[in-house]
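Written out below as structure tokens is the structure these notes cover.
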Amino acid sequence: MSAAQRVFEIIDLEPDICKDAHVGARLPEDVGLQVRFEDVVFGYQSRPDDLAFDGVNFTAEAGETTAVVGKSGCGKSTLTRLLLRFYDPHEGRILINNQPLTNLSLPAHRQ
1435 MSAAQRVFEI IDLEPDICKD AHVGARLPED VGLQVRFEDV VFGYQSRPDD LAFDGVNFTA
1495 EAGETTAVVG KSGCGKSTLT RLLLRFYDPH EGRILINNQP LTNLSLPAHR Q
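Residue numbers for the sequence shown follow this note's numbering, beginning at 1435 and rising by one.
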């Protein structure tokens, strides 16, 4: 499958998270964004015995270029889906500028 096809699949996904799940905070538009995954555990419902992520930790600092690379099926698209809140992790948390994703306004976050 081509990279472009995967991008369009992600764009066409219907999220598990309700659009109005949280009418929370907005991130400032004029600052860089730090992204941090803390002990993230996630698996798809269709494969309950096969975790996609089991205790993932990383920080992508504002202003840095970060690449996510790996072979097909290693979790690159899953990471993107979690970051865009199509899914929430089973455990752990994802933060943007030290704010948990679950505290952010979903429509504003996806813009």
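Cβ atoms here follow ideal geometry from the backbone N, Cα and C, with glycine treated the same way.
CB contact flag (residue i, residue j, <8 Å)
i, j, result
"ALA1486", "THR1512", "yes"
"ILE1528", "VAL1474", "yes"
"ALA1496", "GLN1468", "yes"
"ARG1544", "LEU1517", "no"
Which listed residue (the options) has its alpha carbon closest to that of residue i
i, options, result
"HIS1524", "SER1436, ARG1470 and TYR1478", "TYR1478"
"ARG1470", "LEU1535, LEU1540, ARG1544 and SER1539", "LEU1535"
"GLY1466", "LEU1540, ARG1440 and ASN1531", "ASN1531"
Same chain, Cβ closer than 6 Å to residue i, five either side skipped, listed in chain order
i, result
"SER1506", "none"
"VAL1515", "Looking at the sequence provided, one finds Arg at residue 1515 rather than Val. Same-chain partners within the cutoff: TYR1521."
"GLY1526", "GLU1472, ASP1473, VAL1474 and VAL1475"
Residue i - DSSP class collapsed to helix/strand/coil
i, result
"GLU1472", "strand"
"ASN1537", "helix"
"ARG1440", "helix"
"LEU1485", "coil"
Cutoff 7 Å; reference residue i; Cβ partners in own chain excluding five residues on either side
i, result
"ASN1491", "PHE1471, GLU1472 and ASP1473"
"ASP1483", "none"
Heavy atom of the ligand COA within 7 Å of residue i beta-carbon
i, result
"HIS1543", "Because no ligand of any kind appears in the structure shown, any question about the ligand COA cannot be addressed here."
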